Amino acid sequence: MSKSQIQYSIVVPVYNEELVIGETYKRLKRVMDSTEEAYEIIFVNDGSKDGTVEIAKTICNMDKNIKLLSFSRNFGHQLAISAGMDYSSGNAVVVIDADLQDPPEVILEMIKKWKEGYDVVYGRRAKREGETFFKKFTAKAFYRTLKSMTDIDIPVDTGDFRLIDRRVCDKLKSLPEHNRYVRGLVSWVGYKQTGVEFVRHERFAGETKYPLKKMLKFATDGIVSFSYKPLKFPLYIGGAVSAISVIYFIAYLLKAVITGTHASGLNLALSMIFFLVGGIFIILGIMGEYISRMGDEAKGRPLYIIGDKEGFKDEA
Ligand code: UDP
Ligand code: MG
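Just so you know, the sequence shown maps onto residues 1 to 316 in full-length UniProt numbering.
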């Protein structure tokens, strides 16, 4: 594989970030200049309605290392990251938020790990500063819930702030799924991964661009894209309800026989209703099994990814 002239691509999604983009550019430039290697910073404007684009254009005209992609409307953070990766050409690609919550200086530590041979270096949030209790609590709970629901090793407390090698970026680009949960996809792709810890600071300026509605959509994408466990719930519920109704029915019949009383129609009807409800849940669970397999086909992920090959003549 031929090496790119550009060593690092820094992908920065921006949505209504006029208060921070100038400062972010300055901090990123300082850090990236210190590497003394070629780099590009790609701002991906996710349909901003404020002055973000004008500022980004001015920066682009001033500095040849800066590039700007502008969406025709707001498509969302995850798609902005994906577009940045699609248009990047560096040998390593770093994704970083625009609001300086992810300190640009940590990129240098990531680069060090990459040079040691890691393909993915993710930033693990050791501490989060300046965020509400609600945000911290829900984030912690979400990462742990997702981890317990999936077989993929998605590290907890890590966002999209990470460095990925070109070959990981190319694999991500080849995954066609629409509801993208990028940090999960990076874990799914595999390769040699490690983390560096950092303190997540307060936003430099402005407000979060993730209101509750977007956060819920994001969390749903994470769970639905990487776990089929929710589709199994009806099977468990149905099994339990049916089993209870059968036990109840048998116990009731035995009692009627032993005591010589008449079986009451109400009790029999109740156990019958529970049995039927349980049956419906079981059928839903079975349908879930089919839907999960259709989900796999629809996502169109490759069956496996080869990390390295040796001894084959036509090696890429
Ligand atoms: N962002 C985006 N599109 C959106 C929402 C956010 O590109 O629809 C960007 C935003 O400009 C920032 C990053 O995604 O660079 C993370 O957003 P934010 O800091 O608001 O999220 P939080 O840190 O509060 O979770
Ligand atoms: Mg932020």
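Just so you know, even glycine gets a beta-carbon here, dropped at the ideal spot from N, CA and C.
Here the structure is a predicted model, which means the values were calculated and not measured.
Check: Taking the C-alpha atoms as reference points, what is the distance between Pro302 and Thr132?
Finding: Distance between the alpha carbons of Pro302 and Thr132: 39 angstroms.
Next item on the list: Look up Leu303 in the DSSP assignment and say whether it is helix, strand or coil.
Entry: In the structure shown, Leu303 adopts coil according to DSSP, grouped into three states.
Item checked: Beta-carbon proximity of Ile282 to Gly239, cut-off 8 angstroms -> Taking 8 angstroms as the Cβ cut-off, Ile282 and Gly239 qualify as a contacting pair.
Checklist line | Opening and closing residue of the alpha helix (DSSP H) in which Ala83 lies | finding: From DSSP, the alpha helix (DSSP H) with Ala83 extends over 77-87.
Next item on the list: Please indicate yes or no: does the CB of Pro13 lie closer than 7 angstroms to some heavy atom of the ligand UDP?
Entry: Result yes, Cβ under 7 angstroms from the ligand UDP.
Note to self: Buried or exposed for Tyr304, going by 16 or more other Cβ atoms inside 10 Å?
What the structure shows: Residue environment for Tyr304: exposed (fewer than 16 other C-beta atoms within 10 angstroms of its C-beta).
Notebook entry, point to check: the ligand UDP heavy atoms versus the CB of Tyr25: any closer than 7 angstroms?
Noted result: It does not: the Cβ of Tyr25 is nowhere closer than 7 angstroms to a heavy atom of the ligand UDP.
Notebook entry, point to check: Of the residues Glu202, Lys57, Lys192, Ile81, which one's Cα is nearest the Cα of Glu129?
Noted result: Nearest of Glu202, Lys57, Lys192, Ile81 to Glu129, Cα basis: Glu202.
Check: What residue does the alpha helix (DSSP H) around Gly239 start on, and which one ends it?
Finding: Counting along the chain, the alpha helix (DSSP H) containing Gly239 begins and ends at 229-259.
Item checked: Distance between Ile96 and Val12 (C-alpha atoms, nearest Å) -> Looking at the two C-alpha atoms, the distance is approximately 5 angstroms.
Checklist line | CB-CB length for Tyr122 against Lys192, believed under 8 angstroms | finding: Not a contact, Cβ separation roughly 12 angstroms.
Check: Going by the C-beta, is Asp157 closer than 7 angstroms to any heavy atom of the ligand MG?
Finding: No, the ligand MG has no heavy atom inside 7 angstroms of this Cβ.
Note to self: For the alpha helix (DSSP H) containing Asn61, name the first residue and the last one.
What the structure shows: Boundaries of the alpha helix (DSSP H) around Asn61: 52-62.
Notebook entry, point to check: Between the region 64-75 and the region 30-43, do at least 3 Cβ pairs fall closer than 8 angstroms?
Noted result: The count of Cβ pairs closer than 8 angstroms, one atom from the region 64-75 and one from the region 30-43, reaches three, so the stretches are in contact.
Margin query: By alpha-carbon positions, which one of Glu105, Ser88, Asp165 ends up nearest to Glu116?
Written below: Relative to the Cα of Glu116, the nearest Cα in the group Glu105, Ser88, Asp165 belongs to Asp165.
Notebook entry, point to check: Does at least one heavy atom of the ligand UDP sit under 7 angstroms from the Cβ of Ala243?
Noted result: Ala243 Cβ: outside cutoff for every heavy atom of the ligand UDP.
Next item on the list: Look at the alpha carbon of Thr58 and the alpha carbon of Ala80, and state the distance between them as a whole number of angstroms.
Entry: Roughly 20 angstroms between the two C-alpha positions.
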